[in-house]
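**Q** The number in my numbering is simply the position in the sequence shown, starting from 1, with 116 added.
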Amino acid sequence: MANSKSLFSLIASLLVSTAVIKVLNFAKEIEISYFYGTSYLADKYNLTMVAPNISLNTIGPALGMILVSYYSLNKKKIIIQQNEVRFLGIILVFILFLSIITQPSERGIDIWSMVFSYLISLLFLVQVLLVYYMHCFKRFDIGSTSSIIQIILSIILILLSYWYISYIILVLAILVGLIAQTIYLIYKIIHHDLFTIFQLEKGNLNRNFYHSFFSIVLGYGLIEILISIQKIFANYFEYEGLISAINYAYKIMNLPISIFLFAVLSVMFPEITKLREKNKINNMYENLVSGVLLIMLPCSIVLFYYPHFIISFLFERGNFDEQSLFLTSYQLKFFAFLLPMLAVYSAQLRILYVLKEWRRIYLSALMIISLTMILNLVSLKMQSLALYSLSLSVAYFFSIFIFLNKNLRTIYSKALSFSLISSIPMVLILFYAVTFVESNLIHIFLLAISLTSYLVIQYFLKNKPLKILMKKVLK
């Protein structure tokens with residue numbers, strides 16, 4: 117019971133700190149949209165950030181989760197093979213290659229953009245590894261505080277755009293914030309004496325390391341790879357500013373995932389890695405996927421019905437004009453289909469990772485990437501923005517149902533049925549609202565009614581995570 121309370125407290129505290137970080141990060145995006153809209157400079161900045169985002173959201177978390185796993189399994193000692201160090205060198209070369217090929221070339225090659233891209237990528241990698249290192253000691257608060265410092269410094273420096281609109285301001289804001297965050301994390305490690313033994317060993321090829329790395333990259337970090345692919349393809353459509361529009365819409369869609377799912381999985385992942393019995397793992401997955409759908413499905417419905425209102429409320433000011441509003445809200449409407457599938461896929465990955473079902477992880481990821489590329493090529497040939505915007509959702513949909521194993525598919529179907537039944541009144545109420553209602557006040561009232569009906573039906577269908585959450589809140 118004490119352990120359960122401790123776990124819930126960690127999740128709750130991380131939820132709060134993650135929410136603060138995401139809100140601040142989102143405020144930074146709003147600030148960028150105010151000064152740069154969906155202009156060429158915004159597109160150039162977003163392409164420059166492709167390699168850093170892969171480093172931050174794909175490669176870094178993969179290495180970080182392996183670090184936590186090593187710490188948990190080796191009794192507070194981290195044993196690293198020489199082959200793994202060499203592999204890290206290959207990763208650094210790959211990031212350099214990525215920094216070069218993702219630069220916009222229609223106005224000439226910009227060497228400084230490549231340098232900035234690679235330097236930010238390296239700093240992100242160091243920052244992520246240090247934050248995950250803190251997770252080994254359950255010091256989630258230090259990692260959260262460091263991220264807040266980084267974002268606030270970036271926000272302050274981007275304000276210089278009030279006097280001078282410049283691409284250099286955007287990248288320097290990221291660099292200064294990351295340097296300050298890294299210094300803070302190193303200081304905290306020394307101050308709190310958070311040291312462990314790192315042991316370098318010779319040995320044969322550690323297949324588990326490579327399986328772990330690629331399964332996390334192609335699972336947990338897959339969405340960042342796909343969004344990067346979308347941005348690169350967007351460069352060839354006839355819509356200027358589409359790259360920036362994808363970035364803004366993705367940040368909104370990903371907000372509930374990065375706040376709710378990140379907090380839950382960060383705390384639960386070390387506990388999941390300790391489980392060895394399939395029954396216990398399946399029971400945890402059932403609760404996890406039920407909780408994920410409980411939160412994500414209503415968020416998805418709201419994004420689908422109110423994309424224009426959401427984008428207008430958050431971004432429509434300064435240099436964010438009507439064209440920016442159209443492109444971004446259009447992308448957000450289609451991203452609404454992706455939200456619940458992406459959340460479930462992320463939860464599914466953790467279970468398949470613990471079960472060491474590498475083949476399923478690789479094949480599902482390759483299918484998603486292949487389908488996305490094919491659909492993007494077809495949409496580019498047809499110049500169909502709708503097919504292009506829907507490509508990720510279609511790819512994830514087929515992958516989830518084809519590559520889930522029998523036990524997880526049964527659990528997923530049960531949880532999905534509960535959430536779909538509960539969402540029917542919500543869909544009908546919001547459809548009526550957007551079709552016949554003009555008053556914003558009545559819209560808010562009907563939205564509250566629809567969410568209440570959703571939760572009430574979930575309660576009577578005996579959704580276990582909802583009941584657990586209600587008990588914890590009441591206590």
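Think of the CB as a built atom: it goes at the ideal place given N, C-alpha and C, for glycine as much as any other residue.
The structure displayed is predicted, hence computed values, not measured ones.
What residues match up with residue 513 in a beta bridge as DSSP calls it?
**A** Sequence index remark: in the sequence shown, residue 513 carries index 397 (1-based). Answer by DSSP bridge pairing: none, since residue 513 is not bridged.
**Q** In its own chain, which residues sit with a C-beta less than 8 angstroms from the C-beta of residue 326, not counting the 5 before and 5 after it?
**A** Counting from 1 along the sequence shown, the entry for residue 326 is found at position 210. Result list for residue 326: 203, in chain order.
**Q** Going by CA-CA distance only, name the one from 361, 432 and 346 that's closest to residue 490.
**A** As a working note, residue 490 is residue 374 in the sequence shown. It is 346 whose Cα lies nearest to the Cα of residue 490.
**Q** Please give me, in chain order, every unbroken run of the alpha helix (DSSP H) with length at least 4 that falls completely inside the region 218-287.
**A** 227-252 and 256-274
**Q** In three-state terms, what does DSSP make of residue 499?
**A** Locating residue 499 in the sequence shown gives position 383, counting from the first residue. Three-state DSSP puts residue 499 in coil, outside helix and strand.
**Q** Leaving out five residues on either side along the sequence, give the residues of the same chain with a beta carbon under 6 angstroms from the beta carbon of residue 538.
**A** Taking the first residue of the sequence shown as 1, we reach residue 538 at position 422. Cβ neighbours of residue 538 beyond the five flanking positions: 570, 573 and 574.
**Q** Can you look up residue 193 in the DSSP assignment and give me helix, strand or coil?
**A** On the sequence shown, residue 193 is found 77 positions in, with the first residue counted as 1. Three-state DSSP puts residue 193 in a strand.
**Q** Mapping DSSP to helix, strand and coil, what is residue 200?
**A** Residue numbering aside, residue 200 sits at position 84 when the sequence shown is read from its first letter. Residue 200: helix per DSSP, three-state reduction.
**Q** State buried or exposed for residue 200, treating a residue as buried only when at least 16 other CB atoms are found within 10 Å of its CB.
**A** The residue labelled residue 200 in the question sits at position 84 within the sequence shown. Residue 200 is buried by the Cβ-count criterion.
**Q** Below 8 angstroms on the Cβ atoms is my contact criterion, and I expect residue 162 with residue 337 to pass it. Report the Cβ-Cβ distance as a whole number of Å.
**A** Position 46 of the sequence shown, counted from the start, is the residue given in the question as residue 162. Position 221 of the sequence shown, counted from the start, is the residue given in the question as residue 337. Not a contact, Cβ separation roughly 18 angstroms.
**Q** Comparing alpha-carbon positions, which option in 484, 258, 333 and 304 lies nearest residue 181?
**A** Position 65 of the sequence shown, counting from 1, holds the residue named residue 181. The alpha carbon of residue 181 has as its nearest neighbour, out of 484, 258, 333 and 304, the alpha carbon of 333.
**Q** Count the other C-beta atoms from every protein chain shown that fall within 10 angstroms of the C-beta of residue 517, then say buried if there are 16 or more, exposed otherwise.
**A** As a position in the sequence shown, residue 517 is number 401, starting the count at 1. Exposed is the call here.
**Q** Contact defined as beta carbons within less than 8 angstroms: I believe residue 138 pairs with residue 371. What is the distance between those atoms, to the nearest angstrom?
**A** For the purposes of this step, residue 138 is identified with residue 22 of the sequence shown, where counting begins at 1. For the purposes of this step, residue 371 is identified with residue 255 of the sequence shown, where counting begins at 1. That pair is a contact at about 6 angstroms.
**Q** Under the three-state reduction of DSSP, which class applies to residue 571: helix, strand or coil?
**A** As a working note, residue 571 is residue 455 in the sequence shown. It is helical.
**Q** Could you check which residue in 493, 500 and 512 has the C-alpha nearest to that of residue 482?
**A** One-based indexing of the sequence shown puts residue 482 at position 366. The shortest C-alpha separation from residue 482 is found at 512.
**Q** Using 8 angstroms as the threshold, is the C-beta distance between residue 469 and residue 270 below it?
**A** Position 353 of the sequence shown, counted from the start, is the residue given in the question as residue 469. Position 154 of the sequence shown, counted from the start, is the residue given in the question as residue 270. In this structure, residue 270 does not lie closer than 8 angstroms to residue 469 by Cβ.
**Q** Return the residue from the list 412, 366, 368 and 171 that minimises the CA-CA distance to residue 376.
**A** Along the sequence shown, read from residue 1 onward, the residue named residue 376 stands at position 260. Among 412, 366, 368 and 171, the Cα nearest to that of residue 376 is on 412.
**Q** Residue ranges of each alpha helix (DSSP H) run of no fewer than 4 residues wholly in the region 315-382, ordered along the chain?
**A** Qualifying alpha helix (DSSP H) stretches, in chain order: 323-333, 338-350 and 358-372.
**Q** Quick check: the Cα distance between residue 210 and residue 298, rounded to an integer number of angstroms?
**A** In the sequence shown, counting from the first residue as 1, residue 210 sits at position 94. In the sequence shown, counting from the first residue as 1, residue 298 sits at position 182. When rounded, the distance between both Cα atoms is 22 angstroms.
**Q** To which residues does DSSP link residue 313 through a beta bridge?
**A** Position 197 of the sequence shown holds residue 313. In DSSP, residue 313 forms a bridge with 193.
**Q** Pick helix, strand or coil for residue 429, following the three-state DSSP scheme.
**A** Numbered from its first residue, the sequence shown carries residue 429 at position 313. Three-state result, residue 429: helix.
**Q** Output needed for residue 478: all residues of its chain with C-beta closer than 8 angstroms, excluding positions within five of it in sequence on either side, in chain order.
**A** Here residue 478 refers to the residue found at position 362 when the sequence shown is read from its first residue. Taken in chain order, the residues that qualify are 330, 331 and 334.
**Q** Starting from the Cα of residue 535, find the closest Cα among 253, 229, 365 and 414 and give me that residue.
**A** Numbered from its first residue, the sequence shown carries residue 535 at position 419. Residue 414 holds the alpha-carbon nearest to the alpha-carbon of residue 535 among 253, 229, 365 and 414.
**Q** Between residue 316 and residue 193, what straight-line distance do the alpha-carbon atoms span, to the nearest angstrom?
**A** Translated into the one-based positions of the sequence shown, residue 316 becomes position 200. Translated into the one-based positions of the sequence shown, residue 193 becomes position 77. Between residue 316 and residue 193, the C-alpha separation is close to 11 angstroms.
**Q** To the nearest angstrom, how far is the alpha carbon of residue 58 from that of residue 532?
**A** Summary: the structure shown does not reach residue 58, with the chain confined to residues 117 through 591, and so no result is reported for it.
**Q** If we call anything under 8 angstroms between Cβ atoms a contact, is residue 508 one with residue 567?
**A** For this step, residue 508 is matched to residue 392 along the sequence shown. For this step, residue 567 is matched to residue 451 along the sequence shown. No, Cβ-Cβ distance for residue 508 and residue 567 is not below 8 angstroms.
**Q** Starting from residue 169 and walking both ways along the alpha helix (DSSP H), at which residues does that stretch end?
**A** Here residue 169 is taken as the residue at index 53 of the sequence shown, counted from 1. 166-170 is the extent of the alpha helix (DSSP H) around residue 169.
**Q** In this structure, does DSSP put residue 471 in helix, strand or coil?
**A** Within the sequence shown, the letter at position 355 stands for residue 471. Three-state result, residue 471: coil.
**Q** Between the region 300-308 and the region 431-446, are three or more C-beta pairs nearer than 8 angstroms?
**A** no
**Q** Short of 6 angstroms in beta carbon distance, which residues of its chain neighbour residue 287, apart from the five on each side in sequence? Order them along the chain.
**A** On the sequence shown, residue 287 is found 171 positions in, with the first residue counted as 1. Correct list, in chain order: 232.
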